[in-house]
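Quick note: the sequence shown, position 32, residue 32 per my numbering, numbers continuous.
Worksheet for the structure shown next.
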Amino acid sequence: MATQILIPTPLRVYTNNQDTVEAEGSTVGELLANMTNEYTELRKHLYSEEGTLRSFVNIYLNDDDIRYLEKEKTPVTSEDTISIVPSVAGGRSL
C-alpha cells in the first residue's frame, strides 16, 4: 500500500523536483525509510548521523504531529497523507 508524502519546496531538489512522492510501509518510520532509500540525498536532511529524526524536522500524519501520536511507529494507510515540515529559522530581530 503506497502512501503519499508531501515534500516541502526546500527539499524537492532531492526528489527530482517532485512535490509529492509515494512510499510503501505500514508505519511512518517504514515510509520514511523506504522514501530515503529511493532518494538517498534526502536522508541526511531528515536524519542525524545517529539515525534519529532531526529536531527541526516535523512530520505530520494528515493534520497531526507524529510526536503526539506514536512517533515513527505511528500506523499509516494508503488513505493517509504524510507532510514533511522543516522548521524555518533566521531573519532579523527588531
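Backbone N, C-alpha and C fix where the C-beta goes; we use that ideal spot for every residue, glycine too.
Helix, strand or coil: which one does DSSP assign to N58? Working through the sequence shown from its first residue, we reach residue 58 at position 58. Here N58 sits in strand by DSSP.
Hey, how far is the Cα of P75 from the Cα of T27? Along the sequence shown, one-based indexing puts residue 75 at 75. Along the sequence shown, one-based indexing puts residue 27 at 27. Whole-angstrom Cα-Cα distance: 4 Å.
Pull the bridge partners of Q4 from the DSSP assignment, please. By one-based count along the sequence shown, residue 4 stands at place 4. Beta-bridge pairing links Q4 to E22, T81.
Residues near E41 by beta carbon distance below 6 Å, same chain, minus five either side: Here the question's residue 41 lines up with position 41 in the sequence shown. For E41, where only same-chain residues beyond five positions count, the Cβ hits under 6 Å are Y14.
K71 versus N37: straight-line alpha-carbon distance, rounded: Locating residue 71 in the sequence shown gives position 71, where the first residue counts as 1. Locating residue 37 in the sequence shown gives position 37, where the first residue counts as 1. If you take the alpha carbons of K71 and N37, they lie about 20 Å apart.
Taking Cβ to Cβ, would you say I59 is nearer than 8 Å to L6? Here residue 59 refers to the residue found at position 59 when the sequence shown is read from its first residue. Here residue 6 refers to the residue found at position 6 when the sequence shown is read from its first residue. No, these two residues do not count as a Cβ contact at 8 Å.
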